[in-house]
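So the sequence lines, in the order shown, correspond to chains V and H. Just so you know, we're using the working numbering here: the first sequence kicks off at 4 and counts up by one. Just so you know, we're using the working numbering here: the second sequence kicks off at 6 and counts up by one. These notes concern the structure reproduced below.
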Amino acid sequence: MGKEKKYTPAEKIKYFPRRGTTRREFILTMTTAGTAFALAPKIGYAARQRGIPVFENVKLHLNINGAARNISIDPRVTLLDLLRENFSMHGTKKGCDHGQCGACTVLVNDRRVNACLILAATCENAEVTSIEGLAQGDKLHPMQEAFIKHDAFQCGYCTPGQICSAVGLVKEGHAKTDADIQELMSGNICRCGAYRNILAAVKEVQQNA
Amino acid sequence: MQPFSFSRVHNNREAINAITKENDAKFIGGGTNLVDLIKLGIENPKHIIDINALSLKQIENLPNGGVRIGALVRNSDLAYDETIRQRYPVLSQALLSGASPQLRNMATVGGNLLQRTRCPYFYDAVFPCNKRQPGSGCSAINGYNRSNAILGTSDHCIATHPSDMCVALTALDAIIHVQGVNGERAINITDFHLLPGQTPHIENILEKGDLITAVELPAMPFAQRSFYLKIRDRSSYEFALSSVAVALDVNGGTIGQARIALGGVGTKPWRNKEAEQALTGAAANRATYLSAADIAVKNARGYKYNNFKIELAKRTLVRALETTGGM
Ligand SMILES: Cc1cc2nc3c(=O)[nH]c(=O)nc-3n(C[C@H](O)[C@H](O)[C@H](O)COP(=O)(O)OP(=O)(O)OC[C@H]3O[C@@H](n4cnc5c(N)ncnc54)[C@H](O)[C@@H]3O)c2cc1C
Ligand code: SF4
Ligand code: FES
Ligand code: FES
Chain V
4 MGKEKKYTPA EKIKYFPRRG TTRREFILTM TTAGTAFALA PKIGYAARQR GIPVFENVKL
64 HLNINGAARN ISIDPRVTLL DLLRENFSMH GTKKGCDHGQ CGACTVLVND RRVNACLILA
124 ATCENAEVTS IEGLAQGDKL HPMQEAFIKH DAFQCGYCTP GQICSAVGLV KEGHAKTDAD
184 IQELMSGNIC RCGAYRNILA AVKEVQQNA
Chain H
6 MQPFSFSRVH NNREAINAIT KENDAKFIGG GTNLVDLIKL GIENPKHIID INALSLKQIE
66 NLPNGGVRIG ALVRNSDLAY DETIRQRYPV LSQALLSGAS PQLRNMATVG GNLLQRTRCP
126 YFYDAVFPCN KRQPGSGCSA INGYNRSNAI LGTSDHCIAT HPSDMCVALT ALDAIIHVQG
186 VNGERAINIT DFHLLPGQTP HIENILEKGD LITAVELPAM PFAQRSFYLK IRDRSSYEFA
246 LSSVAVALDV NGGTIGQARI ALGGVGTKPW RNKEAEQALT GAAANRATYL SAADIAVKNA
306 RGYKYNNFKI ELAKRTLVRA LETTGGM
């Protein structure tokens, strides 16, 4: 999995909060980051004594782009933030963060979904495929090839979501006409308006499928 | 997001025990409504119970000719189910008109039944809203209420029920199966959601500990001839301004039975039995449809920016009836 990254104490708190004391609770209670680690267990104890609920991390086992991952996370972490923040996979984009744009589309167990509205903790044993997982080594996925060939993007921000969504659409197999493809790609907004070329790319892959 | 704790449950009993034990606990299905509202601070559960491992994912044909749909069946799986497409097309069409393919892949039947309003003031914590904060007032009544309801409103709330699926279920006379602390019960969908009255924050008749387990569609052979029409500001990925679910039994130009439900205009999915009666036994033609439409909106009340919905609801109904029953 590449080189081990060294984390500063502040990053450790951010990415690997300890059981029994969440980052938020810690931040609420403490003002100086440096003393966090020494005091963390005591804070959990103090909070329990004062009747403040202590929110525990959740253990999560899942497979992301072919690699098994085990992690302990704050239950509030969305699948989108898990990919981007915990695993530094920045291909999946955050647009609206509320299910309204499709930029965060990934495949979970082969179905396209909006990663921004999924609590990662609900993905126990799931297989997640993001844009980083579509290519086989240096060989791009046919949908990636088609997007390039048909110039199906301008700024590219919506593109990872468009491509994952299009891969899901082809797998689902419900689109018969251009109008069907447009309707079934309507969960992905493109601010640059590359829709015609996106349609051409999806159509080509679908015909070859 | 406010902090919350999280647990996974593996059978109905465990789910009910878990939600009864905790204060401010919520089940999570697809999370497409709940996570959105938690991010905005509109829902603040202290504990979340993941019910996705429960065995509530089947669509079964019942011996009485009906169909039983598990509460965790995803909206897309239900919409594309062959039985549903053939015998209850209105339900398939309603589901496919809602949200986006990604959201439908996530959203569950149980969660869809309980999705909360899209009233813009409910979503914006800066404004008073009786539904979000009981007693604070309603910003929509004298505000920009273009998307709000014209049927079933009260002086305390005029928010529409946003679900498309529920409109079809209402026309189909669906039964909601619930399991709770005191066992199981079956609730007709028309009794499931509540009018806002003086307590708009209480939206349905569920009690603490209740788990929705299934939705049952009664046998309704004439529902093979059913249709969902949705009118909105853009042609996809948008909530209804007005929608209609109809099922018609037409024989030799005469209407036998009729089922009508309106969406996008009511504070709950809106069934109007009087309008159904006006259709029953009448000739299947435009004059009949127009008089049924007049009856359907007889008690409607507009609120400045949504006055147009009264005429829109009528036209939506007439067009849906023409499409289903012929002219
Ligand atoms: C951008 C966007 C556009 C949308 N457009 C439309 C649209 O056009 N038409 C439409 O109809 N809908 C639309 N929706 C709403 C969508 O249909 C709902 O969010 C979805 O159906 C909710 O299902 P869920 O499983 O994700 O619910 P969740 O978010 O998981 O849960 C919703 C509520 O139900 C409760 N719950 C869930 N399952 C059960 C159960 N079995 N028993 C008891 N309680 C339960 C939860 O505790 C929660 O309170 C849209 C949503 C978004 C984000
Ligand atoms: S209509 Fe209902 S939801 Fe909207 S502001 Fe008024 S009370 Fe709140
Ligand atoms: S970021 Fe998820 S839909 Fe916009
Ligand atoms: S390419 Fe820019 S948003 Fe789609």
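Here a beta-carbon is modelled for each residue, glycine too, at the ideal position from N, C-alpha and C. For clarity, every value in this text was computed on a predicted model and none was experimentally measured.
Under 8 Å by beta carbon: chain H residues contacting Asp100 (chain V): Lys44
Residue from H:Ile47, H:Ala252, H:Thr285 with nearest C-alpha to Gln138 (chain H): Out of H:Ile47, H:Ala252, H:Thr285, the CA that lies nearest to the CA of Gln138 (chain H) is found in H:Ile47.
Nearest to Ala112 (chain H) (by Cα), restricted to the options H:Glu65, H:Ala84, H:Leu246, H:Lys136: H:Ala84
9 Å Cβ cutoff met for Ala228 (chain H) and Ala191 (chain H): no
C-alpha distance - Ala224 (chain H) paired with Gly70 (chain H), whole-angstrom precision: 5 Å
Simplified DSSP state of Lys45 (chain V), which is helix, strand or coil: Low confidence applies here, because Lys45 (chain V) scores a pLDDT of 48, under 50, leaving its location unreliable; read the following figure in that light. Of the three classes helix, strand and coil, the one that applies to Lys45 (chain V) here is helix, per DSSP.
Exposure label - Lys179 (chain V); buried when at least 16 CB within 10 Å: exposed
Sufficient close CB pairs (3 or more, under 8 Å) joining the segment 109-129 of chain V to the segment 138-146 of chain V: no
DSSP three-state assignment for Cys195 (chain V), whether helix, strand or coil: coil
CB of Thr125 (chain V) within 9 Å of CB of Asn57 (chain H), strictly: With respect to the 9 Å criterion, Thr125 (chain V) and Asn57 (chain H) are classified as neighbours on the basis of their beta carbons.
Residues, ordered as in the chain, of the segment 180-202 of chain H that lie near chain V by beta-carbon distance below 8 Å: none
Secondary structure of Arg276 (chain H), DSSP reduced to three states: strand
Pick from H:Ser168, H:Thr195, H:Arg230 that is closest to Gly269 (chain H), judged by C-alpha positions: Restricting attention to H:Ser168, H:Thr195, H:Arg230, the CA atom closest to the CA of Gly269 (chain H) is found in H:Ser168.
Three-way DSSP call (helix, strand, coil) for Arg72 (chain V) in this model: strand
Rounded straight-line distance, which links the Cα of Val131 (chain V) to that of Leu110 (chain V): Approximately 6 Å between the Cα atoms of the pair.
Simplified DSSP state of Gln139 (chain V), which is helix, strand or coil: strand
Beta-carbon proximity list for Arg13 (chain H), same chain, < 7 Å, skipping 5 on both sides: Asp55, Ala58
Proximal residues, the segment 195-211 of chain V versus chain H, C-beta separation under 8 Å: The residues in question: there are none.
Alpha helix (DSSP H) runs wholly inside the segment 142-226 of chain H, at least 4 long, in chain order: Whole alpha helix (DSSP H) segments, 4+ residues: 170-176, 194-197.
Asn153 (chain H) CB to nearest heavy atom of ligand 2 below 8 Å: yes
Arg291 (chain H) vs Asp254 (chain H) beta-carbon contact at 9 Å: no
Collapsed DSSP secondary structure at Glu316 (chain H) in the structure displayed: helix
Span of the alpha helix (DSSP H), counted from its first residue to its last, around Val111 (chain V): Val111 (chain V) -> not in any alpha helix (DSSP H); beta strand (DSSP E) instead, spanning 108-111.
Thr122 (chain H) beta carbon near ligand 2 (any heavy atom closer than 8 Å): yes
Any non-hydrogen atom of ligand 2 within 8 Å of Ile47 (chain H) CB: no
6 Å Cβ shell around Gln184 (chain H) - same chain, five flanking residues per side excluded: Asn17, Leu216, Thr218
Chain-ordered residues, beta carbon under 5 Å from a heavy atom of ligand 1: V:Gly102, V:Gln103, H:Lys31, H:Phe32, H:Ile33, H:Gly34, H:Gly35, H:Gly36, H:Thr37, H:Asn38, H:Leu39, H:Ala76, H:Gly103, H:Ala104, H:Ala112, H:Thr113, H:Gly115, H:Gly116, H:Asn117, H:Leu119, H:Gln120, H:Ser168, H:Asp169, H:Leu216, H:Ile217, H:Phe244
Glu281 (chain H), buried or exposed, once every other Cβ within 10 Å from all chains shown has been counted against 16: Its Cβ being crowded by 16 or more others within 10 Å, Glu281 (chain H) is buried.
Proximity test, Ala70 (chain V) beta-carbon vs ligand 4 heavy atom, cut-off 8 Å: Checking every heavy atom of ligand 4 against the Cβ of Ala70 (chain V), none is found closer than 8 Å.
Inter-residue spacing [alpha-carbon to alpha-carbon] between Gly148 (chain H) and Arg306 (chain H): 15 Å
Residue of H:Arg276, H:Ala283, H:Gly330, H:Ala289 minimising C-alpha distance to Ala318 (chain H): Of the listed residues, the one whose Cα sits closest to Ala318 (chain H) is H:Arg276.
Proximal chain V residues relative to Gln107 (chain H), where beta-carbon distance stays under 7 Å: Within chain V, the residues near Gln107 (chain H) are Gly105, Thr108, Arg115, Val116, Asn117, Ser168, Gly190.
Contact between the segment 15-34 of chain H and the segment 94-105 of chain V (3+ Cβ pairs under 8 Å): no
Within the segment 7-53 of chain H, ranges of the beta strand (DSSP E) (whole runs, at least 3 residues): 10-13, 30-33
CB contact below 9 Å: Leu85 (chain V) versus chain H: no
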